[in-house]
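Trainee: Here's a structure for you.
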Amino acid sequence: SRPVIAIVGRPNVGKSALFNNILGRRVSIVHEQSGVTRDRVAAPCEHFGQRFLLVDTGGLGIHSREKATDLFDGMIREQVAEVVAEASVLIWVLNCQDGITPQDQEVSDFLRRTGKPVVIAANKADNDMVRAEAEGAFAALGYEHIVPTSCTHRLGISDLVDRAMQLL
Ligand code: GDP
Ligand code: MG
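Position 66, counted from 1, in the sequence shown is what full-length UniProt numbering calls 69; the numbers after and before it change by one each time, with no gaps.
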């Protein structure tokens with residue numbers, strides 16, 4: 004069966020936008036509101052002949068200001084943990100325009116404990132200045148694989164998938 008590549012990260016960093024970009028079509032819901040992707044969304048993909056299953060997840064470490072109850076958040080976290088356990092490689096999405104937030108730090112701690120290979124998508128790198136700043140800041144996290152992406156400008160997507168494939 005196909006190896007699983009899971010897209011993880013806190014809400015609103017662009018996980019669903021990235022999922023749709025990799026697929027080349029809109030499957031997952033991209034939303035202005037935080038924490039909109041409640042259910043896992045999965046799609047079979049192929050990149051230069053290599054097949055995999057791409058999974059979009061709801062936000063890790065959600066601190067909801069919306070309707071969601073703690074129980075609901077707990078269920079989402081459990082679902083994310085399940086997907087992560089099944090995954091061969093994790094794409095961890097960060098928002099270049101926000102830098103590293105306390106929630107990102109929590110996600111980082113969680114990801115390290117999984118021991119899975121991680122590629123950071125330094126997303127919302129819409130221009131060179133934002134990208135350069137973020138690359139410096141994200142390097143401090145100590146992850147080997149960081150690829151700048153911009154889902155709105157469709158930049159870096161193929162490089163990101165290449166990198167993830169190399170870790171399969
Ligand atoms: P998720 O909660 O992590 O799944 O985030 P979404 O995919 O729903 O995106 C959250 C918001 O970020 C939406 O308004 C997107 O249009 C926006 N977004 C996603 N990728 C980019 C990007 O590369 N650049 C910019 N400027 N905005 C982006
Ligand atoms: Mg989403």
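All residues carry an ideal CB built from backbone N, CA and C; glycine is no exception. Please read all numbers here as calculations on a predicted model, not as lab measurements.
Name the residue from ARG13, PRO6 and ARG116 whose alpha carbon lies nearest to the alpha carbon of PRO105.
Mentor: Taking the first residue of the sequence shown as position 1, residue 105 is located at position 102. Of the listed residues, the one whose Cα sits closest to PRO105 is ARG13.
Trainee: Go through the stretch 87–123 residue by residue and report every complete run of the alpha helix (DSSP H) that reaches 4 residues or more, in order.
Mentor: Segments of the alpha helix (DSSP H) lying fully in the stretch 87–123: 105–117.
Trainee: Exposed or buried, ARG5, counting other C-beta atoms within 10 Å across all chains shown (16 or more means buried)?
Mentor: On the sequence shown, position 2 is the one that residue 5 refers to. ARG5 should be labelled exposed.
Trainee: Would you tell me roughly how many angstroms separate the C-alpha atoms of GLN82 and THR117, rounded to the nearest one?
Mentor: By one-based count along the sequence shown, residue 82 stands at place 79. By one-based count along the sequence shown, residue 117 stands at place 114. Straight-line Cα distance between these residues: approximately 15 Å.
Trainee: Determine the DSSP secondary structure at VAL150, reduced to helix, strand or coil.
Mentor: Position 147 of the sequence shown, counting from 1, holds the residue named residue 150. Strand.
Trainee: Specify the secondary structure class of ALA125 as computed by DSSP and reduced to three states.
Mentor: Stepping through the sequence shown from its first residue, residue 125 is reached at position 122. ALA125 falls in the strand class under three-state DSSP.
Trainee: Using a Cβ-Cβ cut-off of 6 Å (strictly less than) and excluding sequence neighbours within five positions of ASP42, which residues of its own chain qualify?
Mentor: In the sequence shown, residue 42 corresponds to position 39, counting from 1. Unreliable positioning characterises ASP42 in this predicted model, as indicated by a pLDDT of 48, which lies under 50. A coordinate reading is not provided.
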